[in-house]
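Q: Can you keep this structure in mind? I'll have questions shortly.
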Amino acid sequence: MHLPVFLDDPRRLLSSSAAASASARTLARLHALLIVSSSATHTLISSLAAAYARAGDLAAAESTLTATAASSSIAAWNAIIAAHSRRGSPASALRVFRALPPAARPDSTTFTLALSACARLGDLRGGESVRDRAFDAGYKDDVFVCSSLLHLYARWGAMGDAVKVFDRMPRRDRVTWSTMVAGFVSAGQPLDAIQMYRRMREDGVKGDEVVMIGVIQACTAARNVRMGASVHGHLLRHGMRMDVVTATSLVDMYAKNGLLDVACRVFGLMVHRNDVSWSAMISGFAQNGQSDEALRLFRNMQASGIQPDSGALVSALLACSNIGFLKLGRSVHGFIVRRFDFNCILGTAAIDMYSKCGSLASAQMLFNMISDRDLILWNAMIACCGAHGRGQDALTLFQEMNETGMRPDHATFASLLSALSHSGLVEEGKLWFGCMVNHFKITPAEKHYVCLVDLLARSGLVEEASDLLTSMKAEPTVAIWVALLSGCLNNKKLELGESIADNILELQPDDVGVLALVSNLYAATKKWDKVRQVRKLMKDSGSKKMPGCSSIEIRGTRHAFLMEDQSHPQREEIVSKVAKLDLEMRKMGYIPRTEFVYHDLEEEVKEQQLSYHSEKLAIAFGLLNTGPGTRLVIIKNLRVCGDCHDAIKYISKIADREIVVRDAKRFHHFKDGVCSCRDYW
DNA sequence: CTAGGGTTAG
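Here you go:
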C-alpha cells in the first residue's frame, strides 16, 4: 500500500502529472485519507475536485466541493464545467454554471464555457443572459468571451448580431476570425466568408488550418475551384498540417465542383482517412452520377475496416437510388436497422431509395414506422407518392402533415403540385397553388409554375394556363413554355402552340426532348421547313447527349442495356424477342413513331432503330428471364420517348405484365395496355 | 480550467 507516501505531500501529488491521469478510485482513497487526517486544506480540496473532474467522476467532483470552504474556488468549478462540455453534455455544463455558489465568482473561463454550451444547445436567450452577466463582471473586451458570443450568434444564423459583436471587439485573434468565416459559410454567404478572410490577412493575422477549412468550404459553396485550388497550394507552401479534417474538406471541395479526379488524388494521398473522409469521397461520386464507383468505394471502406457512418450510408443509399439498385439498397437499409438509430436523414434517404427503385410499398412501410418526422421526411414521402402517380395519396399525406402542425415549405408544394398534376387533379391543383401563395405566403418559383401550367394545359385549359403566364412577374422559362406547349399539342391548339414553339426556339434550348416536342408541333401544322430546321438542331444536340441506358434487376443482379451495345450474351435472343413483340403490337394497332429517331435514315431503318431503344431491350430481357406475372422494374437515365411509351403499353397487354419504368423525370406504371401517366408526347 | 473546423436527406 503506497498511499501513505502520498500523504506526506498530497499537494505535490495533486499538482503533478500523476494526478492528471489518476483514476477516480485512487482519488477517492486519497480524499478519504485527507479527511481522516484532517489535512484537507482549501487548495487541496479544490485541486482534488479538479482531478475528479479530469478523471471523469463529475458527481464526486461536485460533492467534494459542495459544502466546503473550497466551494468558492472557481478554478475547480471551471474544471467540472469543462468536463461536462468535453463529455458532450452542454445542458449539464449549464446546470452547474447556473447553480454556482454565490461565493464562486465566475471568470472569463466560466463565461466562455457557458456561452459555448449555449451555442451547442442553440439557446440564444440563455446565451444573452450569460453575456449580460459577463459584461457586468467586466469581461466586455475579453477575446475568449466575445469569440464565444460571436460563435453563438454565427452558429444560429444571426450573422447581423455576430457582426455587431465583431465590430466592437478591440482585440481579435484567429479564433475570432475563423468563427466569422465559418459563420458566413453556414449562413450561405460564401462571398462574405471569403471577404472576411481577406480582411483577416490585411490585419496581419495568419490563418491556421481551421480558418482555411472555412475558406475551403466557402470556395465549395461559391463554386470557386480556382480559389479553392489556390488555398490548397497555400496550405502546402506554408507547411500547414494536412490533418484529416482539412484534407476532407479539400476532397469535398474538388468533388462538389466536379473535379473528381483531383478529389481522388487528394483522398489517395491522405495518410489517415476516417469515416467522414470516406463519406465525402463516396458522396462526391454519387452526386456526380458515378454511382457504381460510389458503391465500389463504399465496399472498399468497409473492407478497410472503417465502419460507415450515417454520411456514408446516406450516400450509398443515394447511389442505389440513382441506379435503381433495390437489392443493395435493401441491404444498406438492413445494416442501418441493425446498427443505427433511424434518424430523419437516414429515413429520408431510405424512403427516397425505395421510391426511386420502384418500391412504393416499402417506402410507405418505412414512413409509417418513423414516428418523429421532420419537414424533409414528409416532403420526401409526398414526392414519392407523386412520382408513383398517387396524387390523391399525396394530398392526404399533405393534409395529415398540416394536422400535425408541420408547416409546409416551397419544396412541399413543389412535390404536392407535381403529384396533383401527374394525376390530373385540376381543381385541387388550383386550390393549393392559391393556398400556397395567399395562406402560406410562399412566392411561387419556376417549379411551381411548371406544375400548374402543366396541370391546366394537360387538362385542356390551355387558355387559362396561358393567362397564368401573362400574370407572372418574371419571363417564362423553357420549362414553363414546354409545359404549355405539350398541352397545346395534346389538345390540338395548334395556332397558339406554334407561337409558343417560336418562343421556345428563341431561348435556344439544347434538350433533345424539348426539340422533339417543338418539331412535332411544327409537323402538326405542316411547317416543314421549320421541322427541318429543328431536326438539324436535334441532330447536333443529339450527338452530344449521353446514350440512353436502361437497367433491370433480376434476382438481385443488375443488367444494363445500351442501344449500341452488342456484347450482351443474350443479345440475339433479346432482339428476336423484341421483333416478335413488334409484330404482335402492330396487329393491335401500334404504329412506330419514327419522329423519335433523330438521324437521317430510311424509314425502315428508323423503325429498326426504335426496336433497339434500351428500355425495349431491358423489357425483353426481363420477359425472357422471369416467370409469368412478375413485375418488371426498368430504370432509364433519360426520358422515355413517345414511341417507347406507346410500345410499352402494348407490351404490358401482350405479355400480361405490370411494367414500371422510371425515366429521368418520373415513374410510368404500365398495366393492361394503359399507363398511369396521362397523355404523353 | 476557456472559444472556432470536415461528410450525409426532400
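Note that the UniProt record's numbering numbers the first sequence so that position 434 is 434, with each residue one more than the last. Glycine residues also receive a C-beta, built at the ideal position from the N, C-alpha and C atoms.
1. Alpha carbon to alpha carbon, how far is W156 from A50?
2. Can you tell me whether G56 is buried or exposed, with buried defined as 16 or more other CB within 10 angstroms of its CB?
3. Could you check the C-alpha separation between R86 and S92 for me, to the nearest Å?
4. Taking buried to mean at least 16 other C-beta atoms within 10 Å of its own C-beta, is F340 buried or exposed?
5. When the distance is taken between beta carbons, is R174 closer than 7 Å to V205?
6. In terms of alpha-carbon separation, which member of F144, T176, K140 lies closest to A154?
7. Based on Cα-Cα distance, which residue from D600, A524, S551, S279 lies nearest to K539?
8. Can you say whether M1 is buried or exposed, counting buried as having 16 or more other CB atoms within 10 angstroms of its CB?
9. Roughly how many whole angstroms lie between the Cα atoms of P4 and L44?
10. Pair every Cβ in the region 138-148 with every Cβ in the region 109-124, then say whether three or more of these pairs are closer than 8 Å.
11. On a CA-only basis, which of Q307, S108, S418 is nearest F144? Give me that one, please.
12. Using the C-alpha atoms, what's the distance from T68 back to S17?
13. By DSSP's criteria, H559 is part of a beta bridge. Which residues make up the other side?
14. Per DSSP, which one or two residues make a beta bridge with I635?
15. For F285, report the span of its alpha helix (DSSP H) as first-last.
16. Across the region 474-481 and the region 434-451, are there enough close Cβ pairs to call them in contact, namely three or more that are closer than 8 Å?
17. From T557 to S249, what distance separates their C-alpha atoms?
18. Between which residues of its own chain and M227 is the CB-CB distance below 6 Å, once the five residues before and five after are set aside?
19. Based on Cα-Cα distance, which residue from Q290, R338, L317 lies nearest to I345?
20. Could you have a look at V597 and say whether DSSP puts it in helix, strand or coil?
21. For V337, which of helix, strand or coil comes out of DSSP?
22. Using the C-alpha atoms, what's the distance from G460 back to C488?
23. Are L581 and I634 close, meaning C-beta to C-beta below 7 Å?
24. How many whole angstroms separate the CB atoms of G311 and V276, which I take to be in contact at a CB cut-off of 8 Å?
25. For a test of the three-state rule: what should DSSP assign to V5, helix, strand or coil?
26. Determine the DSSP secondary structure at S17, reduced to helix, strand or coil.
27. Starting from H668, follow its DSSP beta bridges and name the residues at the other end.
28. Please list the terminal residues of the continuous alpha helix (DSSP H) segment that includes D203.
29. Would you grab the beta carbon distance between H388 and L360 for me? Rounded to a whole angstrom, and I think it's under 8 Å.
30. Just the Cα atoms here: how many angstroms apart are Y522 and E498?
31. Per the DSSP calculation, C675 is bridged to which residue(s)?
32. Go ahead and label T66 buried or exposed: buried means 16 or more other beta carbons lie within 10 angstroms of its beta carbon, across all protein chains shown.
33. For the region 586-600 against the region 646-664, do three or more pairs of beta-carbon atoms, one drawn from each stretch, fall closer than 8 Å, so that the two count as touching?
34. Using the C-alpha atoms, what's the distance from F561 back to Q533?
35. Under three-state DSSP, which class holds K606?
36. I need the DSSP call for I370, collapsed to helix, strand or coil.
A: If we stick to the structure as given:
1. The alpha-carbon atoms of W156 and A50 are separated by roughly 32 Å.
2. Only exposed fits G56, as fewer than 16 other CB atoms lie within 10 angstroms of its CB.
3. Between R86 and S92, the C-alpha separation is close to 11 Å.
4. F340 comes out exposed.
5. Contact flag set, yes.
6. Checked all of F144, T176, K140; the closest Cα to A154 is T176.
7. It is D600 whose Cα lies nearest to the Cα of K539.
8. Note that M1 scores 39 on pLDDT, short of 50, meaning its location in the model is unreliable; the coordinates nonetheless yield the value given after this. Looking at its Cβ environment, which holds fewer than 16 other Cβ atoms inside 10 Å, M1 is exposed.
9. Note that P4 has pLDDT 46, beneath the 50 cutoff, so the model's placement of it is unreliable and the number below is only indicative. Cα-Cα distance, rounded: 16 Å.
10. The region 138-148 is in contact with the region 109-124.
11. Comparing Cα-Cα distances from F144 to each of Q307, S108, S418, the minimum goes to S108.
12. Residue placement at S17 cannot be trusted, given a pLDDT of 49 that sits under 50; what the coordinates show is reported in the next sentence. Using only the alpha carbons, I get a separation of about 25 Å.
13. Partner residues in the beta bridge of H559, as assigned by DSSP, are I552.
14. Within the DSSP secondary-structure output, I635 pairs in a beta bridge with S551, R662.
15. Start and end: 275-287.
16. Output reads yes: the region 434-451 touches the region 474-481.
17. For T557 and S249, the gap between their C-alpha atoms comes out near 35 Å.
18. Answer for M227: C219, listed in chain order.
19. For I345, the nearest C-alpha among the options comes from L317.
20. When DSSP states are grouped into helix, strand and coil, V597 belongs to the coil group.
21. In the structure shown, V337 sits in a helix (DSSP, three-state: H, G or I).
22. Approximately 8 Å, taken between the alpha carbons.
23. With contacts defined as CB atoms closer than 7 Å, L581 and I634 fail to qualify as a contacting pair.
24. That pair is a contact at about 6 Å.
25. Any reading at V5 needs caution, since the residue's pLDDT is 46, under 50, leaving its predicted position unreliable; the model's value is listed next. In the three-state DSSP reduction, V5 falls in the helix class (H, G or I).
26. Residue confidence is low: S17 scores 49 on pLDDT, short of 50, so the model does not pin down where it sits. Its coordinate-derived value is still stated next. Note: S17 maps to helix in three-state DSSP.
27. Its beta-bridge partners are V661.
28. Taken as a continuous stretch (DSSP letters only), D203 belongs to no alpha helix (DSSP H), as it is neither H nor E.
29. Contact annotation, H388 with L360: C-beta distance approximately 5 Å; criterion of less than 8 Å satisfied.
30. When only Cα atoms are considered, Y522 and E498 end up about 7 Å apart.
31. C675 is bridged by DSSP to F670.
32. Residue environment for T66: exposed (fewer than 16 other C-beta atoms within 10 angstroms of its C-beta).
33. A contact exists between the region 586-600 and the region 646-664.
34. Cα to Cα, Q533 sits roughly 31 Å from F561.
35. K606: helix per DSSP, three-state reduction.
36. Coil, per DSSP.
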